[in-house]
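First residue of the sequence shown? That's 1170 in the numbering used here, and the numbers climb one at a time after it.
Just so you know, even glycine gets a beta-carbon here, dropped at the ideal spot from N, CA and C.
None of the values given here were measured: they were computed from a predicted structure.
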Amino acid sequence: MKSPRELLQRRRYWTPLFLRIYLDHVEEIRFQDPQTGLKLAQVAPQLAFLVPEDAGANGRREHRENLVRAHAVLAGAYRVAGRDIAAESEYELAVKIADSGDFSPVARADLNLRRATLGRRDSLTRQQRASKALDLVDAAETTYRTAKDRRRLAEAHAVRGYVLNEAEQFTAAIPYHGKALTQALRLRQTKSADPADGAALARVVKSARVNLAYAVSQAPGMGFAATALSHINAAKCELRGRRDSLTRHLLQWTEGIVYLKLYQPDRAETRYRLARRGFVRLDLPWEIALVSLDLAALYRAGERWKELEDLAADTFGRFRELAADFEAIAALSLWVDAVEARRGVKAAIAGAREVVIARMTRP
């Protein structure tokens, strides 16, 4: 593919068909290499603006919808790369454009479905975020049912499952992931399926498999462990050999969670380390910090104090930079445990006091 900037300089790329293919490519690559996906997405709004507007009301509406989708894709790329403030800004801009004139109900439902996945670290509680997101999903599903759009309905089920995962309602999420996966696979096998839906259906299948594996791994009880591993293996097959992608590293992380449930800490540690190494290569600060917290908890359970002290200190610093106070406190607690075990209670209390003071005086 040409460099992103070159696309803006050549008129032969300023067509609705190329724009749709380009946005589909960006949505695919951002889950393989988030930083590359972000670079490609950053020119999407400009490219959409350059696509000539056809005459008449339909032409103006199509042009506006292309602009909205381009900004929403850029917002999603920011979201995957861990830049939540920039993602919110792009979504707000997309909403303003959508509200500035005629906009089809299905396109508005698509935007609402994307907005439902936004918001991981803000002033709202996890349940408040889930409630707002589920309202958006409900509205989108109503529109898709009216339009009899089965592909988009499958996407909506996948997003609902994702939102429930984020709210830690894993048992409730499992049926929606399963429904999304089943419907998407069935549509892919239908002869009458629109070829233009192929890329979207492939994304639904991958997303549903990954999030289903995670939901099953987190569900209470031991009975789901084997099921989770089977979903993880199926999701790996969907990647078709991509060794270094965000999706693969998320699966490794989930696999570690499952092995820990199966009382196999060595295997769990190996998967956590692989996932962490991959997140570092992809430069994803939030994922690095979270998997580090899981790895630190594993060290705590094994009373590996020196390794715990080093990792918990690094993890605390990462969460401080992300302004994630709740997670930072969890990392600090693990660090205090390690220092207390190695140097005594007084050293742990003094060290924790210094760290808290430094946190309170941070600009």
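Burial of phenylalanine 1200 is indicated by the presence of at least 16 other C-beta atoms within 10 angstroms of its C-beta. Runs of the alpha helix (DSSP H) lying entirely within the stretch 1449-1527, each at least 4 residues long, are 1454-1470, 1474-1490, 1494-1512 in chain order. Annotation for alanine 1341: Leu1333 place their beta carbon closer than 7 Å to its own, counting only its chain and skipping 5 residues before and after. Only residues of its own chain outside the window of five on either side were considered, and among them Leu1192, Val1195, Glu1196, Ala1210, Ala1213 have a CB closer than 8 Å to the CB of valine 1242, listed in chain order.
Three or more beta-carbon pairs drawn from the stretch 1371-1383 and the stretch 1316-1335 are found closer than 8 Å, and the two stretches are therefore classed as touching. DSSP places lysine 1301 in the helix class (H, G or I) of the three-state scheme. Secondary structure at phenylalanine 1218: helix, using DSSP grouped into helix, strand and coil. Approximately 6 Å separates the beta-carbon atoms of alanine 1465 and leucine 1477; this is inside 8 Å, confirming the contact.
For tryptophan 1422, the enclosing alpha helix (DSSP H) covers residues 1415-1430. Apart from sequence neighbours up to five positions away, the residues of its chain that approach glutamate 1456 with a beta-carbon distance below 6 Å are Phe1448, ordered along the chain. When rounded, the separation of the alpha-carbon atoms in alanine 1278 and valine 1264 is 11 Å.
One alpha carbon belongs to glycine 1367, the other to leucine 1381, and they sit about 21 Å apart. Taking 4 residues as the minimum length, the alpha helix (DSSP H) runs contained wholly in the stretch 1241-1300 are 1253-1268, 1274-1284, in order along the chain. The straight-line gap separating the alpha-carbon atoms of arginine 1283 and leucine 1408 is approximately 23 Å.
By the criterion of a C-beta distance shorter than 8 Å, lysine 1405 is surrounded in its chain by Arg1417, Leu1420, once the five residues flanking it on both sides are discounted. In the structure shown, threonine 1184 falls within a coil segment according to DSSP collapsed to helix, strand and coil. Per DSSP, glutamate 1337 lies in no alpha helix (DSSP H) segment and is marked neither H nor E. Sorting Pro1389, Arg1378, Thr1315 by C-alpha distance to the C-alpha of phenylalanine 1339 places Pro1389 at the top.
For the options Gln1296, Asn1235, Leu1287, Asp1318, the alpha carbon positioned closest to that of leucine 1219 is the one of Asn1235. Note on geometry: alpha-carbon atoms of threonine 1423 and arginine 1442 lie some 12 Å from one another. The shortest CA-to-CA distance from threonine 1484 to any of Glu1509, Val1508, Pro1454 is the one to Pro1454.
Taking C-beta separations shorter than 6 Å and ignoring five residues to either side along the sequence, the partners of glutamate 1496 in its chain run Phe1488, following chain order.
Secondary structure note for threonine 1396: its alpha helix (DSSP H) is the uninterrupted segment 1394-1408.
The Cβ-Cβ distance between alanine 1437 and leucine 1398 does not fall below 8 Å. Counted as a single uninterrupted DSSP element, the alpha helix (DSSP H) harbouring serine 1376 occupies residues 1367-1387.
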